[in-house]
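Trainee: First residue of the sequence shown? That's 0 in numbering that gives the first Met the number 0, and the numbers climb one at a time after it.
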Amino acid sequence: MRWFIPLLLGGTVMLAAASPVLRQQIQDRLLGASVQVVAERETGFGATVAMGSGVVFKRNNKSFVLTAAHVIEELKQVITEVDEEEGKEKKKILWKDAWIVLERVKDGRKTGELRLLAKVRFATKTEEEGGDDVAVLEVYEGDLLPYSAVPLPKDQTVWVGQECWHVGSLYGAFVNSVSKGIIASVGRLIHNKPFHQTSTTAAPGSSGGGVFVVGDDGQLYYAGMLTRGTGQTVNFVVPIERIRAALKESRDNEIATLLD
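Shown next, in the form of structure tokens:
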């Protein structure tokens, strides 16, 4: 995926006009639950690093990070084993751990960052492989992540013209950058898979970051994951309905019900 991007504006302008309730939810459910995802792997030619974004969901006293599968592709190791009974070769996928980075901010100023290791619990095929491009990480010290995003209820849907926010780690350097836009189109088919189109700005490093909307009840909800785009005002979101369906393919009930 290629990006051609202008610099993203920060989130403080948006916050200034928000109601007190929405402003607090933006701090907790949006900024507080958005993280950077870093995939590092040593090769014979040195280290390779891929950076993206993700969103924290807390369940059963654990912290999970929902991100795009292509963000963590560098962590995948495919090994070949021989089945002793059948005498056939079988491929097995192993995953290295990822880093989760949470930026610390006080009074509008960055005061530090928290880096935590996370293991890969689930991953579909990437979009390039024809998959839904969804992955779930479990943070080892998840209790250190205080906030959780809230998924859009199943009885609510996004609509064209609805305001939305995206949080991403621009260029791997500007962690938790916020942009505001609208849902420009719903159910646009790309490679026979439905995406929502959004005017929120994105950049390399934004992949896996959440897109949030205010629901019918005035609450701020996670509505999907940004995975591709041009970076201007034409970017595409994997709808939460598709993410839920992808997670249901997991045999692990904790993963399958993560967004229920």
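Ideal placement from N, C-alpha and C gives every residue a C-beta, glycine not left out.
Quick check on the DSSP output: the alpha helix (DSSP H) that includes V20 runs from which residue to which?
Mentor: By 1-based counting over the sequence shown, the position of residue 20 is 21. V20 -> alpha helix (DSSP H) spans P19 to Q24.
Trainee: Cβ atoms of V54 and V138: under 8 angstroms apart, would you say?
Mentor: Within the sequence shown, residue 138 is the residue found at index 139, counting from 1. Within the sequence shown, residue 54 is the residue found at index 55, counting from 1. Not a contact, by the Cβ cut-off of 8 angstroms.
Trainee: Let's see if you can read the secondary structure: which residues bound the alpha helix (DSSP H) around R114?
Mentor: Translated into the one-based positions of the sequence shown, residue 114 becomes position 115. From DSSP, R114 is part of no alpha helix (DSSP H) but of the beta strand (DSSP E) over R108 to A122.
Trainee: Mark G209 as exposed unless 16 or more other C-beta atoms lie within 10 angstroms of its C-beta, in which case mark it buried.
Mentor: Locating residue 209 in the sequence shown gives position 210, where the first residue counts as 1. By the neighbour-count rule (16 or more Cβ atoms within 10 Å), G209 is buried.
Trainee: With DSSP collapsed to three states, give me the class of H190.
Mentor: Working through the sequence shown from its first residue, we reach residue 190 at position 191. In the structure shown, H190 sits in coil (DSSP, three-state: anything other than H, G, I, E or B).
Trainee: Which full runs of the alpha helix (DSSP H) of 4+ residues lie inside the segment 173-251, going along the chain?
Mentor: Counting only runs of 4 or more residues that sit fully inside the segment 173-251, the alpha helix (DSSP H) segments are 239-246, in chain order.
Trainee: For S18, does the count of other Cβ atoms within 10 angstroms reach 16, so buried, or fall short, so exposed?
Mentor: Translated into positions along the sequence shown, residue 18 becomes position 19. With fewer than 16 Cβ atoms within 10 Å of its Cβ, S18 is classed as exposed.
Trainee: Pairing CB atoms from the segment 125-136 with CB atoms from the segment 149-157, are three or more of them under 8 angstroms?
Mentor: no
Trainee: DSSP three-state label for L136, please.
Mentor: Walking along the sequence shown from the start, residue 136 turns up at place 137. Strand.
Trainee: How big is the Cα-Cα spacing for V258 and L74?
Mentor: Locating residue 258 in the sequence shown gives position 259, where the first residue counts as 1. Locating residue 74 in the sequence shown gives position 75, where the first residue counts as 1. What sits at residue 258 in the sequence shown is Leu, not Val. Roughly 24 angstroms separates the two Cα atoms.
Trainee: If we require 3 or more residues per run, which beta strand (DSSP E) segments fall completely within the segment 28-79?
Mentor: If we require 3 residues or more, the beta strand (DSSP E) runs fully inside the segment 28-79 come out as 33-42, 45-58 and 61-66.
Trainee: Inspect the beta-carbon positions of R29 and F173 and report whether they are closer than 8 angstroms.
Mentor: For this step, residue 29 is matched to residue 30 along the sequence shown. For this step, residue 173 is matched to residue 174 along the sequence shown. Before going further, note that residue 29 is Leu rather than Arg in the sequence given. Not closer than 8 angstroms, so no.
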